[in-house]
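Residue numbers (the working numbering): 25 to 262. Taking it in order: structure first as structure tokens, then the write-up.
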Ligand SMILES: [Zn+2]
């Protein structure tokens with residue numbers, strides 16, 4: 025097992041690609057292990073183009089979206105697990121939350137990423153946050169010995185939503201993804217049902233790269249991804 029382990033939980037099967045493909049690729053390039061959980065395929069609400077096909081069915085859309093997500097994860101070096109809970113609405117059951125907690129106990133992530141807790145445009149993203157937070161707490165307990173199987177507490181951050189200001193998202197971490205940006209573009213290109221988002225998220229990475237340059241003065245940062253910490257990080261010193 026790699027020393028550093030990243031778990032990304034997305035409500036829909038393409039969410040990890042737009043928001044955090046760069047961080048995943050970089051994490052793996054640096055010797056870490058990355059696991060992506062897609063709670064649904066976004067088959068109803070985030071597969072618009074596929075529904076233009078005459079005679080399209082939900083089952084076929086799910087199969088296409090599964091292949092696309094697997095291909096995207098492969099570009100980044102991540103494993104993909106699909107929960108297939110359905111979307112719009114995402115139906116989070118106790119059983120599914122237990123399954124996610126069990127995955128966390130086995131994988132013991134050092135970092136967990138998911139959606140912010142608010143999204144006025146999407147019913148599923150906040151559900152994914154609540155489920156992930158609950159599973160993480162059922163995994164890590166209260167930081168003391170517990171009466172259930174635990175894994176060490178992980179860092180916990182949320183990735184950037186589509187409209188950050190309206191989701192209460194204030195970035196506290198920028199990650200330089202310049203060296204792996206080609207991999208992010210390759211992963212985004214696999215998401216053929218949402219091609220319109222490719223240029224949007226390439227531009228976003230450029231804007232965040234500009235912000236990261238400003239913060240650090242590092243002129244070689246071209247692209248970056250933004251995150252918001254949910255729990256503080258603990259450092260030896262400043
Ligand atoms: Zn989504």
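A virtual CB, placed ideally from N, CA and C, is assigned to each residue, including glycine.
8 Å or more divides the Cβ of residue 63 from the Cβ of residue 48. For residue 151, the enclosing alpha helix (DSSP H) has its first and last residue at 149-164. Spanning the alpha carbons of residue 196 and residue 118 requires a straight line of approximately 31 Å. Residue 234: member of the alpha helix (DSSP H) spanning 220-240, first to last residue. As the crow flies, the alpha-carbon of residue 185 is around 16 Å from that of residue 156.
Here the alpha carbons of residue 199 and residue 237 stand approximately 11 Å from one another. Residue environment: residue 224 is assigned as exposed (fewer than 16 neighbouring CB atoms within 10 Å of its CB, all protein chains considered). Looking at the backbone, the Cα of residue 96 and that of residue 86 are separated by about 15 Å. Looking at the DSSP output, residue 199 sits in a beta bridge with 249. The criterion of a C-beta distance shorter than 8 Å is satisfied by residue 34 and residue 152.
Under the criterion of beta carbons closer than 8 Å, residue 178 and residue 140 do not qualify as touching, at roughly 17 Å. Cβ-Cβ distances below 7 Å link residue 74 to 80, 85, 88, 217 in the same chain, with the five nearest sequence neighbours on each side left out; the list follows chain order. In this structure, residue 102 lies away from residue 163, with their beta-carbon atoms at least 8 Å apart. Comparing alpha-carbon positions, the option among 251, 231, 241 lying closest to residue 191 turns out to be 251. The residues 149, 150, 185, 191, in chain order, have a CB closer than 7 Å to that of residue 143 in the same chain once the five nearest residues on each side in sequence are set aside. Counting C-beta atoms within 10 angstroms of its own C-beta, residue 173 has fewer than 16 neighbours from the protein chains shown and is therefore classed as exposed.
For the set 71, 128, 67, 99, the Cα lying nearest the Cα of residue 111 is the one of 67.
Relative to the Cα of residue 42, the nearest Cα in the group 260, 257, 211 belongs to 211.
Annotated three-state conformation of residue 46 is helix, per DSSP. For residue 193, the closest C-alpha among the options 159, 233, 231, 254 is that of 254. Per DSSP, residue 118 lies in no beta strand (DSSP E); the unbroken alpha helix (DSSP H) holding it starts and ends at 118-131. Shown here, residue 106 sits in a strand according to DSSP, grouped into three states.
Taking every protein chain shown into account, the CB of residue 25 has fewer than 16 other CB atoms within 10 angstroms, so this residue is exposed.
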